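As you go down the protein sequences, you meet chains A and B in turn. In terms of our numbering, the first sequence is residues 2 to 421. In terms of our numbering, the second sequence is residues 36 to 153. Glycine included, C-beta positions come from ideal geometry on N, C-alpha and C. Model, not experiment: these values are computed from the prediction.
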Amino acid sequence: MKRDLVVIGGGPAGLAAAIEAKKNGIDDILILERDKRLGGILQQCIHNGFGLHIFKEQLTGPEYAQRFIDEVEKLGIEYKLDTMVLHLSENKHITALNPKDGIIEIDAKAVILAMGCRERTRGALNIPGSRPAGVFTAGAAQRFVNMEGYMVGKKVVILGSGDIGLIMARRMTLEGAEVKMVVELMPYSTGLKRNIVQCLEDFDIPLLFNHTVTRIHGRERLEGVTIAKVDENRRPIEGTEQYIECDTLLLSVGLIPENELSREANINLNSVTSGAYVNELMETSVDGIFACGNVVHVHDLVDYVTEESFLAGYGAAKYIKGEYIKNEKGFFTKTGFGIRYVVPNRINPQNVKDKVNFYMRVNDVYHNVDLVVRDGDKIIYKVRRNHVSPGEMESVKLSKDVLREVKSCELVFALEEVAK
Amino acid sequence: MIKKMTCISCPLGCQLEVEVGENIKVSGNKCKRGEEYAKNEITNPKRIITSTVKVEGGDKPLVSVKTDREIPKDMIFEIMKEINKIKAVAPIQIGDVIIENVLGTGANVVATAKINGA
Chain A
2 MKRDLVVIGG GPAGLAAAIE AKKNGIDDIL ILERDKRLGG ILQQCIHNGF GLHIFKEQLT
62 GPEYAQRFID EVEKLGIEYK LDTMVLHLSE NKHITALNPK DGIIEIDAKA VILAMGCRER
122 TRGALNIPGS RPAGVFTAGA AQRFVNMEGY MVGKKVVILG SGDIGLIMAR RMTLEGAEVK
182 MVVELMPYST GLKRNIVQCL EDFDIPLLFN HTVTRIHGRE RLEGVTIAKV DENRRPIEGT
242 EQYIECDTLL LSVGLIPENE LSREANINLN SVTSGAYVNE LMETSVDGIF ACGNVVHVHD
302 LVDYVTEESF LAGYGAAKYI KGEYIKNEKG FFTKTGFGIR YVVPNRINPQ NVKDKVNFYM
362 RVNDVYHNVD LVVRDGDKII YKVRRNHVSP GEMESVKLSK DVLREVKSCE LVFALEEVAK
Chain B
36 MIKKMTCISC PLGCQLEVEV GENIKVSGNK CKRGEEYAKN EITNPKRIIT STVKVEGGDK
96 PLVSVKTDRE IPKDMIFEIM KEINKIKAVA PIQIGDVIIE NVLGTGANVV ATAKINGA
């Protein structure tokens, strides 16, 4: 079949992108979702704190998702559930599969990638030891507990202090499990501060920095883990090992954008974010293939995913209508001191609607710094930051008028020490 | 008695030391919001609870729920017991009251997801 726009993924990114494309005049849209319902990972995030930026109120994950699902239904946007995309080619041919239609072949005028990310697993960490039941990624455990109705264990150790790990520490505690500790390899947490306070400190759950799990014990079921302190090179220090009895180990050790399809389509990926390089309208390096949300870079807040995805939907609509200006004008974004990455990577101001939100992460914890954007020698934006951390994404808004005035071929985002 | 806590009014996360006696004295805060936060946490700490409730006759086994206002922090586990006792019957809409005025707190436990009949 032929479609104007195919959106791969029906989570927060895909839903927002489809809605915005529809509102910008594209009627022939198809969303392909692998799960049995729309909404993506939000459906298992039953805690609140979503939507403060977009809706100015605190919503739970399912409530946030439902607002977009209702809108998709109201606008009459078509979607297929339980549908797995197997292949995507550079010329926007999609092969998908579901139990009802069998193999589906689609030629799309434009494609939006909204596949999200997945969790790093035990295999990615190479933790030595046996292979008993009871070792889960935190998100898998969250799905079991919150959606399927299975408690995954009684005595729990959590490795990694990312937000999902912190949220699951509270959730398991509320459901009657004993969460013994959260163990973090780094000297800081990548989780949000409010989660450390309300998920750990509220329940007196210890958080051990500079520690890791060095061995997994047990034959059928997990019986315990060995933890150890690590040195500045993140290597376990001999003699600091401690045995902790537990029947469950949850891993919250990072998320990886899910870009298998992007690779098949020969899209250029950024090795720092593991997501695609994108431009001012969230288009990837391949003509007519756009991307948004956690498949581009991992966000802290779904609100930012929504914002970014509206832009991708707007971009894809412009592309399909032939209103998208393609030329070599514009500039690249580059990272300077202290900044690990910045998205988007290429800007042609002619296509910018009114502003561009630049999202970035710093590479370490810094205090009292200026976040500076330079066009050559000229500072075009500067903001004071008392505290920045890799766990909290930074964003900078630059208006179309400011972007039009950029003279050099690179815009550099960097941290600078505050002059004393 | 001195209590240590982390202020969550902003990402800075000041480490507060709170002297609890006749008067509450707060130190370690870099702004006024820290003092306010600490006083609330000492005198009347409150939280929203989110959890799940079993569903009968629905297309999904569970419905997610929340308290529709903050409840006293020291009642979290008692309220969890109430939430785990009950079953909800499909169909369910977002905002449907699952438990009214739970344990006399004035807060209702309401559904946060939509469940269709099986």
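Within the same chain, Tyr360, Met361, Arg362, Val363, Leu372, Arg386 and Val389 come within 8 Å of Glu395(A) by CB-CB distance, once the 5 residues on both sides are set aside. Contact between Ile111(B) and Val137(B) does not hold, since the beta-carbon distance rounds to 11 Å and is not under 8 Å. If you draw a straight line from the Cα of Arg405(A) to the Cα of Pro13(A), it comes to about 31 Å. Apart from the 5 residues on each side of it in sequence, Asn25(A) sits with its Cβ closer than 6 Å to the Cβ of Tyr315 and Ala318 in its chain, given in chain order.
Scanning chain B for C-beta atoms nearer than 7 Å to the C-beta of Pro63(A) yields Ser99, Thr147 and Ala148, reported in chain order. DSSP places Arg235(A) outside both helix and strand once states are collapsed to three, so it counts as coil. Contacts with chain B (Cβ-Cβ distance below 9 Å) from the segment 135–168 of chain A involve Val146, Asn147, Met148, Glu149 and Gly150, listed in chain order. Put simply, the backbone Cα of Pro129(A) is about 12 Å away from that of Ile228(A). Among the residues of chain B, those whose CB is under 9 Å from the CB of Asp203(A) are Pro80, Arg82, Lys108 and Ile111, following chain order.
Proximity of chain B to Val198(A) at the Cβ level (cut-off 9 Å) is accounted for by Met40, Thr41, Cys42, Ile43 and Gly48, in chain order. Here the alpha carbons of Glu265(A) and Ala18(A) stand approximately 22 Å from one another. The three-state secondary structure of Val297(A), taken from DSSP, is coil. Under the DSSP definition of a beta bridge, Asn369(A) lacks any partner. Cβ contact annotation for Asp28(A) (same chain, cutoff 8 Å, sequence separation greater than five): Asp5, in chain order. Check the Cα spacing between His48(A) and each of Ala292(A), Gln59(A) and Asp232(A): the tightest is with Gln59(A). Phe291(A) sits away from Tyr244(A), with the two beta carbons spaced by 9 Å or more.
Separation of Glu91(B) and Glu117(B) (C-alpha to C-alpha, rounded to the nearest whole angstrom) is 17 Å. Under a criterion of Cβ atoms nearer than 7 Å, the residues of chain A adjacent to Pro96(B) are, in order, Glu149 and Gly150.
Per DSSP, reduced to three states, the secondary structure at Ile128(A) is coil, with no helix or strand assignment. When C-beta atoms of the segment 293–312 of chain A are compared with those of the segment 372–382 of chain A, fewer than three pairs fall below 8 Å, so the two segments do not count as touching.
One Cα belongs to Thr138(A), the other to Arg220(A), and the distance between them is close to 19 Å.
About 6 Å separates the beta carbon of Leu251(A) from that of Gly166(A), a gap short enough to meet the 8 Å contact definition. No Cβ-Cβ contact shorter than 9 Å links Gly117(A) with Gly225(A). Exclusion of the five residues before and after Asn147(A) leaves Gln45 and Ile47 as the residues of its chain whose Cβ lies within less than 6 Å of its Cβ.
In the structure shown, Asp304(A) adopts helical secondary structure according to DSSP, grouped into three states. Tyr151(A) counts as exposed, since fewer than 16 other beta carbons sit within 10 angstroms of its beta carbon.
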